[in-house]
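S.K.: Okay, handing you the structure first.
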Amino acid sequence: MTVTSLSHALSAYGAALRRAQAGPPTGAEAPSSFAGLLRAETEATRASLQASEAKAVEALTGKASLQEVVEAVTEAELSLQKMTAVRDRVISAYQEIMRMPI
Amino acid sequence: MDLTSAMTIAAAGMKVQSARLRVTAENLANAESTALAPGGEPFRRKTISFTERRDRASGLELVDVARYGLDRGEFELRYQPGHPAADADGYVKFPNVNPLIELTDMREAQRSYEANLNALQLARQMIGRTLDLLR
Chain A
3 MTVTSLSHAL SAYGAALRRA QAGPPTGAEA PSSFAGLLRA ETEATRASLQ ASEAKAVEAL
63 TGKASLQEVV EAVTEAELSL QKMTAVRDRV ISAYQEIMRM PI
Chain B
613 MDLTSAMTIA AAGMKVQSAR LRVTAENLAN AESTALAPGG EPFRRKTISF TERRDRASGL
673 ELVDVARYGL DRGEFELRYQ PGHPAADADG YVKFPNVNPL IELTDMREAQ RSYEANLNAL
733 QLARQMIGRT LDLLR
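The following block contains the structure:
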């Protein structure tokens, strides 16, 4: 009795794990794991920061307008904020798990 | 994302309004620019018109300067016999720039610029407030 319920529980855990590893089924190129999602987001933030810096340099040499610089810098700032907010959230979730009494 | 698109569009609006202010400043600065010799043409008032432009990369409907034109209006004749550009009767052609119209145009450019600025600020604020939910 106890042995069968334990094996049931184990197989249920296994199924949950497989589901979690499979990730969300939507989209073919959607990142399959949370780490992948985070990596993609970091990459996008880095690109927008670089773009804003390039715009600032263009503005200093007189090639870009002030409005373009403001737009690029604001976009980079917001995506950095998004990035740090998600990171803080992930770390606090991790700490929450580590504090969990087993 | 819609809010960042709104920021891009508002920035384009600010850009064309600054172009409009530039044209107005040109007109105002040259309001007294006459020809150098008799028979010559003085400064002709410049105009600016806008059009919508679809940005191919992002698919957004932005605004852009359609064309810079010239005002076909009549020149103002002033009696100034001592002027180097005066004709045989002593009249000088002055530019067809009306400072009152230019000032109104300038005020309109300012208001439109501020409207776009507010849209940009609001979009940014909305993104920031939404992100604050995560904190």
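Here the protein sequences line up with chains A and B, keeping their order.
First residue of the first sequence: 3, per the working numbering; consecutive thereafter.
First residue of the second sequence: 613, per the working numbering; consecutive thereafter.
For glycine and all other residues, C-beta sits at the position ideal for the given N, C-alpha and C.
None of the values given here were measured: they were computed from a predicted structure.
Does the segment 641 to 649 of chain B come close enough to the segment 617 to 630 of chain B that 3 or more CB-CB pairs lie under 8 Å?
M.R.: The answer is no - the segment 641 to 649 of chain B does not touch the segment 617 to 630 of chain B, with fewer than three Cβ pairs under 8 Å.
S.K.: So, under 8 Å CB-CB, Leu764(B) and Lys84(A) are touching, yes? Tell me the CB distance rounded to an integer number of Å.
M.R.: Residue 764(B) lies beyond the stretch modelled for chain B, which goes from 613 to 747, so this question has no answer here.
S.K.: Are the CB atoms of Ala649(B) and Asn728(B) within a distance shorter than 9 Å?
M.R.: Not closer than 9 Å, so no.
S.K.: Kindly identify the DSSP beta-bridge partner or partners of Thr76(A).
M.R.: DSSP output for Thr76(A) lists no bridge partner at all.
S.K.: Let me make sure I understand the geometry here. Which of Thr716(B), Ile739(B) and Leu689(B) has the alpha-carbon closest to that of Ala87(A)?
M.R.: The shortest C-alpha separation from Ala87(A) is found at Ile739(B).
S.K.: Output the distance between the C-alpha atoms of Ala46(A) and Ser81(A), rounded to the nearest integer angstrom.
M.R.: Approximately 8 Å, taken between the alpha carbons.
S.K.: Within 9 Å of any Cβ in chain B, is that where the Cβ of Pro26(A) sits?
M.R.: Confidence in Pro26(A) is poor, its pLDDT being 49 and thus under 50, which makes the residue's placement unreliable; the coordinate value appears in the next sentence. No, Pro26(A) does not count as interfacial toward chain B.
S.K.: With DSSP as the reference, label Met3(A) as helix, strand or coil.
M.R.: Residue placement at Met3(A) is flagged as unreliable, the pLDDT there being 44, under the threshold of 50; a coordinate-derived value is accordingly withheld.
S.K.: Below 6 Å CB to CB, which residues in the same chain sit around Ala53(A) once its five sequence neighbours on both sides are set aside?
M.R.: Excluding positions up to five away in sequence, the list reads Ala74.
S.K.: Just by C-beta distance, which residues in the segment 617 to 630 of chain B are closer than 8 Å to chain A?
M.R.: Under the 8 Å Cβ criterion, the segment 617 to 630 of chain B contributes Met619, Thr620, Ala623, Ala624, Met626, Lys627 and Ser630.
S.K.: In the DSSP assignment, the alpha helix (DSSP H) including Thr620(B) goes from what residue to what residue?
M.R.: Here the alpha helix (DSSP H) through Thr620(B) covers Asp614 to Ala641.
S.K.: Take Glu70(A) and list the residues in its own chain whose beta-carbon comes closer than 7 Å to its own, dropping the five residues that flank it on each side.
M.R.: These residues qualify, in order along the chain: Lys57.
S.K.: In angstroms with no decimal places, state the Cα-to-Cα distance between Arg657(B) and Arg89(A).
M.R.: Rounded to the nearest angstrom, the two C-alpha atoms are 57 Å apart.
S.K.: In angstroms with no decimal places, state the Cα-to-Cα distance between Val37(A) and Thr663(B).
M.R.: The amino acid occupying residue 37(A) in the given sequence is Ala; Val does not appear at that position. Ala37(A) and Thr663(B): Cα-Cα distance of roughly 45 Å.
S.K.: If you draw a straight line from the C-alpha of Asp717(B) to the C-alpha of Ala631(B), how long is it?
M.R.: C-alpha separation (whole angstroms): 12 Å.
S.K.: By Cβ distance below 7 Å, which residues in the same chain neighbour Val748(B) in space, the five residues on each side in sequence not counted?
M.R.: Residue 748(B) lies beyond the range of chain B shown here (613 to 747); nothing can be said about it.
S.K.: I need the DSSP call for Ile104(A), collapsed to helix, strand or coil.
M.R.: DSSP places Ile104(A) in coil when its eight states are reduced to three.
S.K.: Considering only DSSP beta bridges, list what Asp676(B) is partnered with.
M.R.: Paired residues: Thr663(B).
S.K.: Shorter than 9 Å from the beta carbon of Ile739(B) to some beta carbon of chain A?
M.R.: Closer than 9 Å: yes.
S.K.: If you reduce the DSSP assignment to three classes, tell me which class Pro27(A) lands in.
M.R.: With a pLDDT of 48 at Pro27(A), under the threshold of 50, the modelled position of that residue is not reliable, and no figure is offered here.
S.K.: Can you tell me where the alpha helix (DSSP H) with Leu40(A) in it begins and where it stops?
M.R.: Per DSSP, Leu40(A) belongs to the alpha helix (DSSP H) from Phe36 to Leu62.
S.K.: Leu732(B) CB to nearest chain A CB: under 9 Å?
M.R.: Yes, its Cβ sits closer than 9 Å to a Cβ of chain A.
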